[in-house]
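Engineer:
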Amino acid sequence: MEKELEALQRDLARFERRTRIVWLAGLAAAVIVAVLWSGARQAQSQSASLSTHALVLVDQNNRQRIVLASDTNNRPGIWINDDTGKVRLRFGFGTQPASPLFYLADETERPRVNVGFNVEHGDAQLTLSDPAGTMRTYFGFGVQLQTPQLVLSDERGKDRVYAGWTTGGTPIVDLSDESGTIVWRSGTAGSGGAAPGTGSSSGGSTGTSPGSQHKSGAP
Amino acid sequence: MGPQDIQAMRARLARAERRLRMTSLSWLVAVIAIAVLWIGAQQAQSQSSALVARRIAVQDQNGKDRIVLSFDTNNRPAIWLRDDAGKDRMFIGFGKEVGRPLIGLNDETGRLRLSMGFSIERNTPQVVLLDENGKQRGFLGFAASGAPTPQLDLADEKGTDRIYLGWSTAEKPVVLVSDESGKTLWSAP
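Listed in order, the protein sequences are those of chains A and B. Final position of the first sequence in this note's numbering is 1557; the numbers increase by one with none missing. Final position of the second sequence in this note's numbering is 337; the numbers increase by one with none missing.
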C-alpha cells in the first residue's frame, strides 16, 4: 500500500509538470494568435489606402500592361502597354516644361494623338500625326498672337488649311497649295478676301447661321 | 504515509485536473482561432492577383502623392496627376453634373485649359480649349441643339465666336467669320 501511494505521488508530480508545460504552450499559442490577429487588422486597414512608389498591373503572361510610377525626372506617369509590350497610351508630364500631357501611340510606339501644352506660352493644344510622324492637324493657340487656331497640313508638313487670326488680328480661313501660297482666303472687312464682309452677310435670316450654340456643352 | 498525505494528494490531483480542463479548453479555442486566421491568410494570398483599395497613391522620392486613384466627391472613380508643387494638373474621371467621362488638363495655376469629354446636352464628344483667363477659345465637337453636326469654333479673348466651321441651321456646311460683337462679317458659301 505504502509503495503504491508513493508511485501514485510520483505519477501525480509528473502529471502536474506536464500540465504546466501544456499550459505554457497554450500561452505561447495565444501570443501567436494575438500577433496574427493584429497583422490581419493591419492588412485590413491598409486596404482602405495604399501608398507606393510604383504600381504595376501584369497580364496573365506576367507582362507589364499598366504602370503607375515616376519617370526619370521624378514626375508621375501612367503607361499603358499593348500585347507586345509597346507603350500605346501615356499620361504624364513633358520634360521641358513639365506640363501635363497624354498621347496615344501606334504599334510602332509613335505618338499619333498628342494632347498637352505648348512650350512657348503653356497654351493647351491637340495634335494629330500621320504614320510617318508628320503633324497633320494642330488645334491650339498660335505662338505669336496666342489666338486659337486650327491648322491642317499635308504629308510634307506644309500648312494647307488654316483657321485662325492674322497677325493683324483679323479672323480668317486660308487654303494654300503645296508651295504654301494662299489660293483662297475667307473675306473679312479690310482683309481684301474673296468676299468682303458687309457686316450682315447672307447668314442669319436666310438660314446660314451656325447650327446652334455649343456654349453650355462643357463637360 | 498517513491520511493527511492522502488528502493533500487528492487536493493536488483535483487542482491538476481543473488546470488540465482549462488548458484543454484554451487549446481548443486557440486551434479554432488559428484555423480561422489561416483560412483568412490563404484567402488574402489568393487575392494578391487583384489589388483592392478605396484609394491608391503613387508617391515620388519625397513621399508626396503624385498619382492618386480614388473617388471624387460624387463617389465616381478618378485619377489625378500632380506636379512638383502638388497641384492637380491632369484629371481623368467623370464630369460633375451628368457623370460622363472626361480628361482635363490644368495649367500651373490649377486652371482648366483643355477638356476632352462629352457634352451635357447630347452626350457628343468634344474638345475644349481655354485661355489663361478661363475663357473658352476653341471648341471642336458637335452642335448642342438642332442637328448633331460637327463644328469648330474659335473665339476671341472676350469669348465671342469669331470663326465657325460647321453646319448651318439649314443643315448645309458653312464657314462664318464674325466681328467682336458676334455679327457675321463673311460667310461661305
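Glycine included, C-beta positions come from ideal geometry on N, C-alpha and C. These numbers were taken from a predicted model, which means no experiment stands behind them.
Secondary structure at residue 336 of chain B, three-state DSSP: helix, strand or coil?
Structural biologist: For the purposes of this step, residue 336 of chain B is taken as the residue at position 188 of the second sequence. Strand.
Engineer: Looking at the secondary structure, which residues open and close the beta strand (DSSP E) in which residue 1502 of chain A lies?
Structural biologist: Taking the first residue of the first sequence as 1, we reach residue 1502 of chain A at position 164. First-last of the beta strand (DSSP E) with residue 1502 of chain A: 1497 to 1503.
Engineer: At a CB distance below 7 Å, what residues from the region 1491 to 1505 of chain A approach chain B? Give them in sequence order.
Structural biologist: 1501, 1502
Engineer: Cβ of residue 1412 of chain A less than 8 Å from any chain B Cβ?
Structural biologist: Residue numbering aside, residue 1412 of chain A sits at position 74 when the first sequence is read from its first letter. It does: the Cβ of residue 1412 of chain A has a partner Cβ on chain B nearer than 8 Å.
Engineer: Does DSSP classify residue 1470 of chain A as helix, strand or coil?
Structural biologist: Here the question's residue 1470 of chain A lines up with position 132 in the first sequence. Here residue 1470 of chain A sits in coil by DSSP.
Engineer: Is the beta carbon of residue 206 of chain B less than 8 Å from the beta carbon of residue 1392 of chain A?
Structural biologist: Within the second sequence, residue 206 of chain B is the residue found at index 58, counting from 1. Within the first sequence, residue 1392 of chain A is the residue found at index 54, counting from 1. Yes; because the gap between Cβ atoms is below 8 Å, this pair is in contact.
Engineer: Beta carbon of residue 1439 of chain A, beta carbon of residue 1454 of chain A: below 8 Å?
Structural biologist: Reading the first sequence from its first residue, position 101 is the one you call residue 1439 of chain A. Reading the first sequence from its first residue, position 116 is the one you call residue 1454 of chain A. Yes. Within cutoff.
Engineer: Would you say residue 201 of chain B and residue 1387 of chain A are within 8 Å of each other, going by their C-beta atoms?
Structural biologist: Here residue 201 of chain B refers to the residue found at position 53 of the second sequence. Here residue 1387 of chain A refers to the residue found at position 49 of the first sequence. It is a contact, given that the beta carbons lie within the stated cut-off.
Engineer: Which class does residue 1530 of chain A belong to by DSSP, given the choice of helix, strand or coil?
Structural biologist: As a first step, residue 1530 of chain A is located in the first sequence; it is residue number 192 there, counting from the start. Summary for residue 1530 of chain A: the model assigns pLDDT 38, below 50, so the residue's position carries little reliability; its value from the coordinates is reported in the next sentence. Of the three classes helix, strand and coil, the one that applies to residue 1530 of chain A here is coil, per DSSP.
Engineer: Would you mind stating whether residue 289 of chain B and residue 302 of chain B have Cβ atoms separated by less than 8 Å?
Structural biologist: As a first step, residue 289 of chain B must be located in the second sequence, where it is residue number 141. As a first step, residue 302 of chain B must be located in the second sequence, where it is residue number 154. For residue 289 of chain B and residue 302 of chain B, no; Cβs fall outside 8 Å.
Engineer: Report the CB separation of residue 247 of chain B from residue 239 of chain B in whole angstroms; it is logged as a contact under 8 Å.
Structural biologist: Within the second sequence, the letter at position 99 stands for residue 247 of chain B. Within the second sequence, the letter at position 91 stands for residue 239 of chain B. About 14 Å; that fails the 8 Å criterion.
Engineer: Who are the near neighbours of residue 254 of chain B in its chain, counting only those whose CB is closer than 8 Å to its CB and skipping five residues on each side?
Structural biologist: The residue labelled residue 254 of chain B in the question sits at position 106 within the second sequence. Excluding positions up to five away in sequence, the list reads 235, 236, 237, 238, 239, 260, 261.
Engineer: What residue range is occupied by the uninterrupted beta strand (DSSP E) comprising residue 299 of chain B?
Structural biologist: To locate residue 299 of chain B, count along the second sequence from 1; it is residue 151. That run of the beta strand (DSSP E) goes 298 to 303.
Engineer: Does the distance from the C-beta atom of residue 1375 of chain A to that of residue 185 of chain B stay below 8 Å?
Structural biologist: Position 37 of the first sequence holds residue 1375 of chain A. Position 37 of the second sequence holds residue 185 of chain B. Yes, the pair counts as a contact, with Cβ atoms nearer than the cut-off.
Engineer: Return the chain-ordered ranges of every beta strand (DSSP E) run that is complete within the region 189 to 219 of chain B and spans a minimum of 3 residues.
Structural biologist: 204 to 207, 213 to 219
Engineer: Closer than 8 Å between beta carbons: that is the criterion. Which residues of the region 196 to 209 of chain B meet it against chain A?
Structural biologist: 199, 200, 201, 202, 203, 204, 205, 206, 207, 208, 209
Engineer: Taking all protein chains shown into account, decide if residue 156 of chain B is buried (16 or more other Cβ within 10 angstroms of its Cβ) or exposed.
Structural biologist: Along the second sequence, one-based indexing puts residue 156 of chain B at 8. Looking at its Cβ environment, which holds fewer than 16 other Cβ atoms inside 10 Å, residue 156 of chain B is exposed.
Engineer: Let me know the secondary structure DSSP gives residue 1615 of chain A once reduced to three states.
Structural biologist: Residue 1615 of chain A falls outside the range modelled here, since chain A spans only 1339 to 1557, and no answer is possible.
Engineer: Where does residue 1494 of chain A fall in DSSP's three states?
Structural biologist: Residue mapping note: residue 1494 of chain A aligns to position 156 of the first sequence, counting from 1. Residue 1494 of chain A: coil per DSSP, three-state reduction.
Engineer: Could you have a look at residue 293 of chain B and say whether DSSP puts it in helix, strand or coil?
Structural biologist: Along the second sequence, read from residue 1 onward, the residue named residue 293 of chain B stands at position 145. The answer is coil: DSSP assigns residue 293 of chain B none of H, G, I, E or B.
Engineer: Looking at residue 310 of chain B: is its Cβ nearer than 8 Å to the Cβ of residue 325 of chain B?
Structural biologist: As a first step, residue 310 of chain B is located in the second sequence; it is residue number 162 there, counting from the start. As a first step, residue 325 of chain B is located in the second sequence; it is residue number 177 there, counting from the start. Taking 8 Å as the Cβ cut-off, residue 310 of chain B and residue 325 of chain B qualify as a contacting pair.
Engineer: Could you work out which residues of chain B lie near residue 1524 of chain A, taking near to mean beta carbons separated by less than 7 Å?
Structural biologist: Counting from 1 along the first sequence, the entry for residue 1524 of chain A is found at position 186. At a beta-carbon threshold of 7 Å, the residues of chain B lying near residue 1524 of chain A are 323, 325, 334, 336, ordered along the chain.
Engineer: Leaving out the 5 sequence neighbours to the left and right, which residues in its chain are closer than 6 Å to residue 300 of chain B when beta-carbon positions are compared?
Structural biologist: As a first step, residue 300 of chain B is located in the second sequence; it is residue number 152 there, counting from the start. Closer than 6 Å at the Cβ level, and outside the excluded window around residue 300 of chain B, lie 288, 313.
Engineer: Please classify residue 1452 of chain A as buried or exposed, where buried requires at least 16 neighbouring CB atoms within 10 angstroms.
Structural biologist: Here residue 1452 of chain A corresponds to residue number 114 of the first sequence, with the count starting at 1. Result: buried.
Engineer: Have a look at residue 308 of chain B and residue 329 of chain B and give me their C-alpha separation to the nearest angstrom.
Structural biologist: Position 160 of the second sequence holds residue 308 of chain B. Position 181 of the second sequence holds residue 329 of chain B. Roughly 7 Å separates the two Cα atoms.
Engineer: Taking the beta strand (DSSP E) that residue 1390 of chain A belongs to, which residues open and close that run?
Structural biologist: One-based indexing of the first sequence puts residue 1390 of chain A at position 52. That run of the beta strand (DSSP E) goes 1388 to 1390.
Engineer: Roughly how many whole angstroms lie between the Cα atoms of residue 263 of chain B and residue 211 of chain B?
Structural biologist: Here residue 263 of chain B corresponds to residue number 115 of the second sequence, with the count starting at 1. Here residue 211 of chain B corresponds to residue number 63 of the second sequence, with the count starting at 1. Cα to Cα, residue 263 of chain B sits roughly 29 Å from residue 211 of chain B.
Engineer: Going by DSSP, what residues sit across from residue 236 of chain B in a beta bridge?
Structural biologist: Reading the second sequence from its first residue, position 88 is the one you call residue 236 of chain B. Note: residue 236 of chain B sits in a beta bridge opposite B:230.
Engineer: Here's the rule I'm using: 16 or more other beta-carbon atoms within 10 Å means buried, otherwise exposed. How should residue 1511 of chain A be labelled?
Structural biologist: In the first sequence, counting from the first residue as 1, residue 1511 of chain A sits at position 173. So residue 1511 of chain A ends up on the buried side.
Engineer: Chain A partners of residue 302 of chain B, CB-CB under 9 Å?
Structural biologist: What you label residue 302 of chain B is simply residue 154 of the second sequence in a count that begins at 1. In chain order: 1485, 1486, 1487, 1488, 1501, 1502, 1503, 1509.
Engineer: Could you tell me the alpha carbon to alpha carbon distance between residue 1534 of chain A and residue 332 of chain B, rounded to whole angstroms?
Structural biologist: Position 196 of the first sequence holds residue 1534 of chain A. Position 184 of the second sequence holds residue 332 of chain B. Model confidence at residue 1534 of chain A stands at a pLDDT of 26, short of 50, so the residue's coordinates are unreliable and nothing is read from them.
Engineer: The region 1365 to 1383 of chain A: which residues have C-beta closer than 8 Å to a C-beta of chain E, in chain order?
Structural biologist: Among the chains of the structure shown, chain E does not appear; the protein chains present are A and B.
Engineer: Anything in the region 1403 to 1437 of chain A with a Cβ closer than 9 Å to a Cβ of chain B? List those residues in chain order, please.
Structural biologist: 1406, 1407, 1408, 1412, 1413, 1414, 1415, 1416, 1429, 1430, 1431, 1435, 1436, 1437
Engineer: Could you check what DSSP says for residue 1370 of chain A in three-state terms: helix, strand or coil?
Structural biologist: By 1-based counting over the first sequence, the position of residue 1370 of chain A is 32. DSSP places residue 1370 of chain A in helix when its eight states are reduced to three.
Engineer: Please list, in chain order, the chain A residues whose beta carbon lies closer than 7 Å to that of residue 171 of chain B.
Structural biologist: Reading the second sequence from its first residue, position 23 is the one you call residue 171 of chain B. When 7 Å is used as the limit between beta carbons, residue 171 of chain B is near these residues of chain A: 1357, 1360, 1361, 1364, in chain order.
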